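Asks: Take this structure first; my questions come after.
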Amino acid sequence: MILTINGRPLAARPGETLLQVARRAGIDLPTLCHHEGLEAWGGCRLCVVEMRRHPDEAPKVVPSCLQAAEDGLRVETHTENLLRIRATLLDLLLTRAPGSELIRRLALEHGVGDTTFVPQAEPSNCILCTLCTRACAAVGAFAISTAGRGAEGEISLPFVDDADACVGCGSCAAVCPTGCIELKDEGLARTIWGRTFQRVPCEVSGEPTITREHAALLSKRTGLPTDGFFVTDEGRRRQTADTIAALVGVGEGRAA
Numbered sequence: 006m007i008l009t010i011n012g013r014p015l016a017a018r019p020g021e022t023l024l025q026v027a028r029r030a031g032i033d034l035p036t037l038c039h040h041e042g043l044e045a046w047g048g049c050r051l052c053v054v055e056m057r058r059h060p061d062e063a064p065k066v067v068p069s070c071l072q073a074a075e076d077g078l079r080v081e082t083h084t085e086n087l088l089r090i091r092a093t094l095l096d097l098l099l100t101r102a103p104g105s106e107l108i109r110r111l112a113l114e115h116g117v118g119d120t121t122f123v124p125q126a127e128p129s130n131c132i133l134c135t136l137c138t139r140a141c142a143a144v145g146a147f148a149i150s151t152a153g154r155g156a157e158g159e160i161s162l163p164f165v166d167d168a169d170a171c172v173g174c175g176s177c178a179a180v181c182p183t184g185c186i187e188l189k190d191e192g193l194a195r196t197i198w199g200r201t202f203q204r205v206p207c208e209v210s211g212e213p214t215i216t217r218e219h220a221a222l223l224s225k226r227t228g229l230p231t232d233g234f235f236v237t238d239e240g241r242r243r244q245t246a247d248t249i250a251a252l253v254g255v256g257e258g259r260a261a
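The sequence shown begins at 6 in my numbering and counts up one residue at a time.
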């Protein structure tokens with residue numbers, strides 16, 4: 006299928022969204038709640054575009070991460086209206102995340118130096134993008150979720166401080182765009198959400214792998230033994246190299 010983005014005819018693959026087509030074509034669209042490995046949510050609205058199915062209709066503003074590409078669509082990504090929308094959104098986000106370098110950089114790129122709204126008394130730098138909760142759900146732990154509404158919204162453990170469901174995988178911290186989820190690794194110890202886990206050392210390289218809790222969850226989901234998750238990539242490379250070396254040695258012995 007062929008659609009037009011900013012006057013450029015582009016081919017879209019089946020199942021692609023407008024965001025995917027635009028980015029594949031090198032068109033920069035900002036996002037804060039999108040991750041290719043997670044289901045699209047469309048919450049931050051920074052990736053909005055204007056689209057028309059017919060030349061004579063008024064453009065419709067839609068989040069490009071949720072809008073499927075269609076044959077014949079006419080799309081604009083950086084009109085004055087869209088830039089104004091993004092600037093307003095970033096202005097609001099500055100009230101929640103004034104300490105985030107990413108938010109400040111995006112805001113400055115859209116002409117916003119400081120928020121024009123009333124700043125939150127105790128900003129958390131959490132922008133409620135839900136990337137962390139979606140990553141946690143994808144892992145299968147379901148340890149965190151959103152709580153509260155509006156300015157009082159937050160990401161929370163069950164009953165505020167019950168971290169029992171957390172397996173210490175660190176997926177939530179890895180996808181957080183503002184870095185507000187604190188994860189601390191010291192040797193084999195990993196602390197996150199107020200709980201300290203012990204990572205298992207790789208049986209080959211000795212480097213930390215994952216926590217026993219994470220391995221148990223992966224084992225339950227895949228049916229594989231937990232021990233298989235306690236080897237790093239470097240350890241697996243060494244195992245493969247040793248196996249090849251052994252096989253070569255056997256072959257040379259036979260040839261002799």
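Each residue gets a CB set at the ideal place from its N, CA and C atoms; glycine is no exception.
The structure displayed is predicted, hence computed values, not measured ones.
1) Whose C-beta lies closer than 8 angstroms to the C-beta of A261 among residues of the same chain, with five residues either side of it excluded?
2) Spell out a yes or no on whether the stretch 66-73 and the stretch 43-54 are touching, meaning 3 or more CB-CB pairs, one atom from each, closer than 8 angstroms.
3) Just verifying my parser: in three-state terms, what is the DSSP assignment at L37?
4) Would you call the stretch 18-27 and the stretch 88-96 touching, i.e. three or more CB-CB distances under 8 angstroms?
5) Using the beta-carbon count (16 or more within 10 Å), is P124 buried or exposed?
6) For A27, is the classification buried or exposed, using 16 other Cβ atoms within 10 angstroms of its Cβ as the cut-off for buried?
7) May I have the straight-line CA-CA distance separating G233 from D76, to the nearest angstrom?
8) Do the CB positions of I32 and T82 come within less than 8 angstroms of each other?
9) Let's test the definition: count the other Cβ atoms within 10 Å of the Cβ of H39 and tell me whether it reaches 16, buried, or not, exposed.
10) Evaluate the contact criterion for the stretch 133-151 versus the stretch 218-228: three or more CB pairs, one atom per stretch, below 8 angstroms.
11) Helix, strand or coil: how does DSSP classify Q125 here?
12) In its own chain, which residues sit with a C-beta less than 7 angstroms from the C-beta of R204, not counting the 5 before and 5 after it?
Replies: In this structure, then:
1) Caution applies to A261, whose pLDDT of 49 falls short of 50 and renders its modelled position unreliable; the model cannot decide the point.
2) yes
3) coil
4) no
5) exposed
6) buried
7) 46 angstroms
8) yes
9) buried
10) yes
11) coil
12) L193, R195, P213, T214, I215, T216
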